[in-house]
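Read through the structure below, which is laid out as structure tokens, and then see the notes.
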Amino acid sequence: MKSLPSILANPFFRKLFCAQILATFGTGLSSIALAQLAYHLSDRHAGKILGIALVLKMVAYIFGAPLMSYLSAKIPNKSFMIIMDLIRMLLLVSMFFVQATWQIYLLIILINLCSAGFTPTFQALIPTLFQKKADYTKALSLSRMAYNLESLLSPLLAALLLFFVSFKLLFALNALTFLISSLLIYSTPLKSSNNTVQSRGFGCLYDYLTIKPLLQGLLFIFIAALAGAMVIINTVVYIQGAYHLSESITALTMAVFGIASLITTVSIPTLSQYASSNKLMKCGALFCIGGFAIGILTPNLTGIFIIWFILGIGASLIETLIGLTITENITQEKQNNYFTAYFSLSHACWLSAYFITGWIGNQITMQNLLLLLFLISALLYLLATQIKSPTLAKP
187 MKSLPSILAN
197 PFFRKLFCAQ
207 ILATFGTGLS
217 SIALAQLAYH
227 LSDRHAGKIL
237 GIALVLKMVA
247 YIFGAPLMSY
257 LSAKIPNKSF
267 MIIMDLIRML
277 LLVSMFFVQA
287 TWQIYLLIIL
297 INLCSAGFTP
307 TFQALIPTLF
317 QKKADYTKAL
327 SLSRMAYNLE
337 SLLSPLLAAL
347 LLFFVSFKLL
357 FALNALTFLI
367 SSLLIYSTPL
377 KSSNNTVQSR
387 GFGCLYDYLT
397 IKPLLQGLLF
407 IFIAALAGAM
417 VIINTVVYIQ
427 GAYHLSESIT
437 ALTMAVFGIA
447 SLITTVSIPT
457 LSQYASSNKL
467 MKCGALFCIG
477 GFAIGILTPN
487 LTGIFIIWFI
497 LGIGASLIET
507 LIGLTITENI
517 TQEKQNNYFT
527 AYFSLSHACW
537 LSAYFITGWI
547 GNQITMQNLL
557 LLLFLISALL
567 YLLATQIKSP
577 TLAKP
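Numbering (the numbering used here), first residue to last: 187 to 581.
Written as structure tokens, this is what we have:
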């Protein structure tokens, strides 16, 4: 099998992949700058401001994606993505002039509405660039690697930059990444015809849930979201709260999850030669369930490293391959609607996972939380495997 980077020989994908990397890292820097801005406006209420901002981000994703699909259906895909990049660039520049918390909330909603329009369009475009399933699988792996690397490197890059520049300049850097992203998309000779299938809006959510392999994949995504939310929210609780260790150990523990995800992502093109995407996603779900089970029995620090590594493997197997599940079951002209539905529904899973691991987790002990996550994940897995998946004609 050709090496993973060989897929970058496709000049169209190479430019789009570079655009994705820039936008992803820029957004990561902006998230850190947002926390700094919240503290700057009100140090006593910074946590509350940031929490509300993140909830608004999720709400914009969940409800914004179906709404934005109406607009994307009327504009050529290439033009639509460029417009979304440029609007986000202008909104980020306006962060320099924020003086009140309500302005943060408004900008967060608008920026993430644009993201809710851009991302499903981008995801639906990638499979049109490849004729072979193996090539598309490698493209998915590279795309996932960009997200994994961002989660590992953005905090380090932001910390380094903040030694030399104001946090507001991070917003400027993010704005610049969106400008360059729009230029890369503009320079890529893509189809500029309008979508031939009318947007289904919120109806696409119902359509998605009626396709059995997609519903099964969504239940697995919920399991991956529970694993990811557990790591994001409770690593600091475990390391600094329960064990009274340093912030550097917290960062190292989170890095273990990221490294496991990265190793798994690189391995997926090879693994997919020996097993279907559905079987690999089932394995990912079992890894997550196993990680929660070990957590119930192993509350020590070494155990946490092992658990986080196992969860990283499981989450990566599921999240990388969901795109392949969509393209295998939906005809190309309808994929934009289904990627939109996936974007909305998957973020609903993440919002629910944050509630379970954050709010409910705050009311109970860590081992009881892991027991709860184990039971929920096991139930989701049983539901998913009970959904019969006959050979379906593509809708």
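Note that beta-carbon positions come from the ideal geometry of N, C-alpha and C, so glycine has one too.
To the nearest angstrom, report how far apart residue i and residue j are at their CA atoms.
i	j	result
residue 337	residue 296	23 Å
residue 294	residue 275	13 Å
residue 227	residue 419	24 Å
residue 280	residue 268	19 Å
residue 347	residue 397	46 Å
residue 373	residue 329	20 Å
residue 547	residue 537	14 Å
residue 495	residue 447	8 Å
residue 499	residue 285	42 Å
residue 520	residue 400	14 Å
residue 302	residue 248	8 Å
residue 458	residue 394	24 Å
residue 313	residue 324	11 Å
residue 362	residue 565	45 Å
residue 465	residue 404	14 Å
residue 578	residue 522	Its pLDDT being 43, under 50, residue 578 is placed unreliably in this model, and the value from its coordinates should be taken loosely. About 19 Å.
residue 517	residue 452	27 Å
residue 253	residue 487	45 Å
residue 530	residue 345	32 Å
residue 187	residue 454	At residue 187, the pLDDT of 44 sits below 50, so the modelled position is not reliable; the number obtained from the coordinates is stated separately. Distance between the alpha carbons of residue 187 and residue 454: 12 Å.
residue 209	residue 366	9 Å
residue 435	residue 427	12 Å
residue 475	residue 431	27 Å
residue 552	residue 308	38 Å
residue 355	residue 283	12 Å
residue 545	residue 237	12 Å
Below 8 Å on the Cβ atoms is my guess for residue i versus residue j; work out the distance and round it to an integer in Å.
i	j	result
residue 412	residue 561	The pair is not a contact, with the Cβ atoms about 11 Å apart (cut-off 8 Å).
residue 402	residue 570	5 Å
residue 213	residue 360	6 Å
residue 255	residue 526	4 Å
residue 239	residue 220	6 Å
residue 207	residue 340	Going by Cβ atoms, the distance from residue 207 to residue 340 rounds to 12 Å, so no, they are not a contact pair.
residue 342	residue 215	At roughly 11 Å, the Cβ-Cβ gap does not stay under 8 Å, so residue 342 and residue 215 are not in contact.
residue 421	residue 439	5 Å
residue 222	residue 349	Not really, about 13 Å apart at Cβ, beyond 8 Å.
Just mark residue i as buried or exposed, buried being the case when its beta carbon has 16 or more other beta carbons within 10 Å.
i	result
residue 573	exposed
residue 224	buried
residue 442	buried
residue 568	exposed
residue 609	In the structure displayed, the chain extends from 187 to 581; residue 609 sits before or after that span and is not available.
residue 550	exposed
residue 424	buried
residue 250	buried
residue 554	exposed
residue 351	exposed
residue 321	buried
residue 541	exposed
residue 392	exposed
residue 331	buried
residue 515	buried
residue 203	buried
residue 505	buried
residue 414	buried
residue 539	buried
residue 580	Only weak support is given to the placement of residue 580: the predicted model assigns it a pLDDT of 48, under 50, and the question is left unresolved by the model.
residue 211	buried
residue 246	buried
residue 456	exposed
Between residue i and the ligand PLP, is there a pair consisting of the residue's CB and a ligand heavy atom that are separated by less than 8 Å?
i	result
residue 515	The ligand PLP is not part of the structure shown, which contains no ligands of any sort.
Relative to the C-alpha of residue i, which candidate in the options has its C-alpha closest?
i	options	result
residue 477	409, 358, 271, 208	409
residue 193	327, 218, 309	327
residue 364	315, 324, 304	304
residue 508	471, 486, 497, 493	471
residue 406	345, 535, 397, 354	535
residue 501	339, 516, 445	445
residue 277	357, 321, 252	357
residue 557	482, 505, 463	482
residue 273	368, 288, 514, 210	368
residue 511	231, 366, 310, 291	310
residue 243	533, 414, 355, 480	533
residue 493	318, 417, 215	417
residue 271	467, 298, 545, 479	298
residue 388	262, 475, 528	528
residue 524	317, 231, 390	390
residue 513	306, 205, 490	306
residue 229	241, 287, 450, 282	287
residue 315	491, 282, 199, 371	199
residue 463	431, 319, 261, 245	319
residue 263	473, 375, 467	375
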